[in-house]
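Numbering (the numbering used here), first residue to last: 44 to 271.
Even for Gly, the Cβ is constructed at its ideal location relative to N, Cα and C.
Only a predicted model underlies this, so the values are computations on that prediction, with no experimental measurement involved.
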């Protein structure tokens, strides 16, 4: 089976009703981004940060995967598919994708404030006083601005081994995720699905200026006809 690596971003989840990371005013759900997505924001006011992610977590249970998520999962019948996502939701998994790497963390997990290796499943509200076994406060398992991206090496490894790269729902302007394309050999075909794709200069690039649901359907049909 050919190795298909999918790099997904907020655009694919937006069609399920999850708001994108940043709106036109530079805010995220009414908050300054650094207030809720930085280590300093956490130090300044843990309750605001916890409340913000508690609301995001609740919203996650109110939405479901859309046709783009489902089409990607179906491609596992024909390819060895690895999804590398910038999204913190579990919609890829719920759609049936078996191999998903979350670059920016996961809403349905929590980790220790002091021990980054202590990570647990977490589906309810996270509150002050929810601690790890050593008494340290638990925090959202989200990669904030200025923090290391623990899964980046795994993502680079997968991308460098790809026979086909599919980019969907991401502007390709947020690093380090945007830099993953640099690890794909020039001869490898790259399919890019986004209503406003950023300019990427490379050979074997196929751009679909469409939203995720319609674009992924077109790409899936082409992959099955051209690469099997």
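Compute the beta-carbon to beta-carbon distance between residue i and residue j, rounded to the nearest angstrom, for a pair I have assumed lies under 8 angstroms.
i           : j           : result
residue 85  : residue 182 : 6 angstroms
residue 214 : residue 58  : With a Cβ gap of about 16 angstroms, residue 214 and residue 58 do not count as contacting.
residue 129 : residue 217 : 7 angstroms
residue 82  : residue 189 : 6 angstroms
residue 199 : residue 231 : About 14 angstroms; that fails the 8 angstroms criterion.
residue 100 : residue 151 : 7 angstroms
residue 245 : residue 233 : 7 angstroms
residue 1   : residue 110 : Here the chain has residues from 44 to 271 only, and residue 1 is not among them.
residue 131 : residue 91  : With a Cβ gap of about 18 angstroms, residue 131 and residue 91 do not count as contacting.
Between which two residues does the beta strand (DSSP E) containing residue i stretch?
i           : result
residue 128 : 123 to 128
residue 46  : 46 to 51
residue 236 : 233 to 236
residue 250 : 248 to 251
Looking only at its chain, what residues have a beta carbon closer than 7 angstroms to the beta carbon of residue i, apart from the 5 residues adjacent to it on each side?
i           : result
residue 108 : 59, 134, 137, 138
residue 161 : 154, 155, 175
residue 106 : 59, 60, 61
residue 259 : 111, 114, 115, 211, 236
When you compare only the Cα positions, how much space is there between residue i and residue j?
i           : j           : result
residue 126 : residue 242 : 22 angstroms
residue 48  : residue 209 : 6 angstroms
residue 193 : residue 264 : 34 angstroms
residue 33  : residue 54  : Limits of the chain in this structure are 44 at one end and 271 at the other, which puts residue 33 out of reach.
residue 120 : residue 75  : 42 angstroms
residue 143 : residue 61  : 19 angstroms
residue 77  : residue 94  : 15 angstroms
residue 56  : residue 164 : 21 angstroms
residue 67  : residue 96  : Residue placement at residue 67 is poorly supported in this model, since its pLDDT is 47, which falls under 50; the coordinates are not used for a value here.
residue 262 : residue 180 : 44 angstroms
residue 270 : residue 45  : 8 angstroms
residue 173 : residue 118 : 40 angstroms
residue 89  : residue 221 : 30 angstroms
Using a Cβ-Cβ cut-off of 6 angstroms (strictly less than) and excluding sequence neighbours within five positions of residue i, which residues of its own chain qualify?
i           : result
residue 203 : 226
residue 113 : 138
residue 69  : Residue placement at residue 69 cannot be trusted, given a pLDDT of 49 that sits under 50; the coordinates are not used to answer.
residue 201 : 48, 125
residue 123 : 44, 46
For the ligand COA, I want to know if residue i counts as a neighbour, meaning its beta carbon is within less than 6 angstroms of at least one of the ligand's heavy atoms.
i           : result
residue 106 : As far as ligands go, the structure on display features none, and thus does not contain the ligand COA.
Looking at the unbroken alpha helix (DSSP H) that takes in residue i, where does it start and where does it end?
i           : result
residue 36  : Summary: the structure shown does not reach residue 36, with the chain confined to residues 44 through 271, and so no result is reported for it.
residue 262 : 255 to 270
residue 79  : 76 to 79
Enumerate in chain order the residues of its own chain whose CB-to-CB distance from residue i is below 8 angstroms, with the five nearest sequence positions on each side excluded.
i           : result
residue 195 : 146, 219
residue 238 : 54, 252, 253, 254
residue 187 : 80, 81, 82, 84, 85
For the region 110 to 163, which segments carrying the beta strand (DSSP E) assignment without a break, of at least 3 residues, lie completely within its bounds, in sequence order?
Taking only runs of at least 3 residues, the beta strand (DSSP E) segments lying wholly in the region 110 to 163 are 123 to 128, 143 to 145, 148 to 155.
In chain order, what are the residue ranges of uninterrupted beta strand (DSSP E) at least 3 long that sit wholly in the region 164 to 227?
Counting only runs that start and end inside the region 164 to 227, the beta strand (DSSP E) elements of at least 3 residues fall at 181 to 185, 207 to 211.
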